[in-house]
Structures are given as structure tokens and as C-alpha cells.
Amino acid sequence: MQEYIKHLQSVLPCSLETLIEHASPEVKEYCKTNADKFRDLKVQDKGGIGKKVEFYIFGRLPNNDRNPDTDWGDIKTTHIKKCRD
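For the sequence shown, my numbering assigns the number 249 to the initial residue and increments by one for each residue that follows.
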């Protein structure tokens with residue numbers, strides 16, 4: 249997992265779409281297989297970005313489980329709002 253995180257960090261800063269392009273082949277395959285399940289979720293809510301990261305970067309369908317998202321911790325995101333130029 250650490251190597252995967254290092255790989256993703258090597259393409260930062262970038263858009264979420266670009267980061268998704270650099271996801272592992274296994275995650276891409278998982279996303280193809282589970283795309284219908286993910287589409288059925290309401291990802292337009294305030295946690296939509298986090299759900300997209302969880303699915304497209306880490307290959308996990310979002311859920312309501314109280315346990316951490318992974319063995320090594322929880323997946324968290326935050327929005328960055330540009331106030332002025």
C-alpha cells in the first residue's frame with residue numbers, strides 16, 4: 249500500500265480525474281466490475297468527493313460501516329475553496 253500511495257503522490261498536484269488515471273490496474277478492474285453498484289449510490293451529496301476517492305483510488309464501495317476504511321486507517325477528503333485570484 250505504501251508503494252501505491254508513493255506512486256499516487258508522484259503525480260500530485262493534479263485533478264482527481266488525472267489521479268484516477270494513475271490508479272493501479274487492480275483498482276481499475278474492480279471499478280469496471282462494480283461500476284453499476286457505484287452508480288446506484290447517491291454520490292452528489294456533500295461526501296461525494298470522498299466517495300469517489302474511496303471507489304476510484306482505493307477500490308472500495310462506500311458503506312456505513314463504523315470500522316476504518318482500510319487496515320491502516322480511514323480515507324478522508326476535504327474541499328479546497330478558492331476565494332480570490
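Each residue gets a CB set at the ideal place from its N, CA and C atoms; glycine is no exception.
Computed from a predicted structure; not experimentally measured.
Please tell me whether residue i and residue j are closer than 7 Å, where the distance is taken between their beta carbons.
{"i": "Y304", "j": "I268", "result": "yes"}
Alpha carbons only, please: which of the options is nearest the one belonging to residue i?
{"i": "A271", "options": "D288, E302 and F286", "result": "E302"}
{"i": "G295", "options": "T281, K280 and N312", "result": "N312"}
{"i": "H327", "options": "S258, V259 and L264", "result": "L264"}
{"i": "Y278", "options": "L256, K300 and G307", "result": "G307"}
{"i": "V275", "options": "Q257, M249 and S258", "result": "M249"}
Between which residues of its own chain and residue i is the CB-CB distance below 7 Å, once the five residues before and five after are set aside?
{"i": "L309", "result": "N282, K285, F286 and F303"}
Leaving out five residues on either side along the sequence, give the residues of the same chain with a beta carbon under 6 Å from the beta carbon of residue i.
{"i": "I297", "result": "T325"}
Counting along the chain, where does the alpha helix (DSSP H) carrying residue i start and finish?
{"i": "I297", "result": "G296 to Y304"}
{"i": "A283", "result": "P273 to R287"}
{"i": "H327", "result": "It is not in any alpha helix (DSSP H) - H327 carries neither H nor E in the DSSP assignment."}
Go through its chain and collect everything with a Cβ distance to residue i's Cβ below 8 Å, but skip five positions before and after it.
{"i": "K316", "result": "Before going on, a small fix: residue 316 reads as Pro here, not Lys. Cβ within range, chain order: D322."}
Quick check: is the beta carbon of residue i nearer than 7 Å to any beta carbon in chain C?
{"i": "P273", "result": "Absent from the structure is chain C; it holds one protein chain and no more."}
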